[in-house]
Amino acid sequence: MSLSNAADLPDHQMVSVVIPGIHSDYANHSPLSVLDVTQGGQAFEIHIYRGKLFHDDDGESFTPLGYLTLQEYFTLRSMLAYTDENGVEHERTLPMEWSEIDAMIEAMRAESAQEQPGNDQEVV
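The numbering of the sequence shown is my numbering, which starts it at 1442 and goes up by one.
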């Protein structure tokens, strides 16, 4: 999984991707989002939390599957199904297949890297 570039950011600038059964080390901390995804035909959930400290049901430390910047998270969240303030329902546009989501995030990161001042390298 390539969702690691945001790991060095402070907690308030990133989110972590974990699986069900993993809990935040912060009290009263619930997921920001729960996504249904597929990988290789298998359906599963991923949970997105703020912060980097997690444990499993046995209290063992758990390293998240990956990390997203807040901007990446907000982009993904905008692609989920929702009902707007006028009661209009909007369908999910985020792909279901995890590899497609991962590739989309990598493309966002490549584009963001190109937009950085002083970065004159061409992406091939």
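We put the CB at the ideal spot given by N, CA and C, even for glycine.
**Item:** C-alpha distance - residue 1453 paired with residue 1530, whole-angstrom precision
**Value:** Against the sequence shown, residue 1453 aligns to sequence position 12. Against the sequence shown, residue 1530 aligns to sequence position 89. If you draw a straight line from the Cα of residue 1453 to the Cα of residue 1530, it is about 30 Å long.
**Prompt:** residue 1551 to residue 1514, Cα distance in whole Å?
**Reply:** Here residue 1551 is taken as the residue at index 110 of the sequence shown, counted from 1. Here residue 1514 is taken as the residue at index 73 of the sequence shown, counted from 1. Looking at the two C-alpha atoms, the distance is approximately 16 Å.
**Opposing strand residues paired with residue 1474 [DSSP bridges]** = Mapped onto the sequence shown, residue 1474 falls at position 33. DSSP lists 1489 as partners of residue 1474.
**Prompt:** Can residue 1492 and residue 1457 be called in contact, C-beta distance under 9 Å?
**Reply:** Residue mapping note: residue 1492 aligns to position 51 of the sequence shown, counting from 1. Residue mapping note: residue 1457 aligns to position 16 of the sequence shown, counting from 1. Residue 1492 is a Cβ neighbour of residue 1457, given a cutoff of 9 Å.
**Request:** Would you kindly work out how many angstroms separate the C-alpha atoms of residue 1511 and residue 1556, rounded to a whole number?
**Result:** Counted from its first residue, the sequence shown places residue 1511 at position 70. Counted from its first residue, the sequence shown places residue 1556 at position 115. One Cα belongs to residue 1511, the other to residue 1556, and the distance between them is close to 17 Å.
**Message:** Looking only at its chain, what residues have a beta carbon closer than 6 Å to the beta carbon of residue 1488, apart from the 5 residues adjacent to it on each side?
**Reply:** Indexing the sequence shown from 1 puts residue 1488 at position 47. Cβ neighbours of residue 1488 beyond the five flanking positions: 1459, 1472, 1475.
**Request:** Let me know if residue 1496 comes out buried or exposed under the rule of 16 or more other beta-carbons within 10 Å of its beta-carbon.
**Result:** The sequence position of residue 1496 within the sequence shown is 55, counting from 1. With fewer than 16 Cβ atoms within 10 Å of its Cβ, residue 1496 is classed as exposed.
**Request:** Assign residue 1517 to one of three DSSP states: helix, strand, or coil.
**Result:** Here residue 1517 corresponds to residue number 76 of the sequence shown, with the count starting at 1. Residue 1517 falls in the helix class under three-state DSSP.
**Request:** Verify the CB distance criterion: does residue 1491 have a CB-CB separation below 9 Å to chain C?
**Result:** In the displayed structure, chain C is absent; only one protein chain is listed.
**Request:** Since I believe residue 1517 is in contact with residue 1533 (beta carbons under 8 Å), could you give me their beta-carbon distance rounded to a whole number of angstroms?
**Result:** Along the sequence shown, one-based indexing puts residue 1533 at 92. Along the sequence shown, one-based indexing puts residue 1517 at 76. With a beta-carbon spacing of about 11 Å, residue 1533 and residue 1517 fall beyond the 8 Å limit used to define contacts.
**Request:** Determine the direct distance from the alpha carbon of residue 1470 to that of residue 1507, and round the result to whole angstroms.
**Result:** Counting from one through the sequence shown, the residue named residue 1507 turns up at place 66. Counting from one through the sequence shown, the residue named residue 1470 turns up at place 29. Distance between residue 1507 and residue 1470, taken at the CA atoms: about 18 Å.
**Request:** Starting from residue 1455, follow the beta strand (DSSP E) in both directions and report where the run begins and ends.
**Result:** Residue 1455 sits at position 14 when you count from the first residue of the sequence shown. Unbroken beta strand (DSSP E) run through residue 1455: 1455–1459.
**Message:** If contacts are defined as beta-carbon pairs under 8 Å, then residue 1455 and residue 1468 qualify, I think. What distance do you get, rounded to the angstrom?
**Reply:** The sequence position of residue 1455 within the sequence shown is 14, counting from 1. The sequence position of residue 1468 within the sequence shown is 27, counting from 1. Not confirmed; about 20 Å, so no contact.
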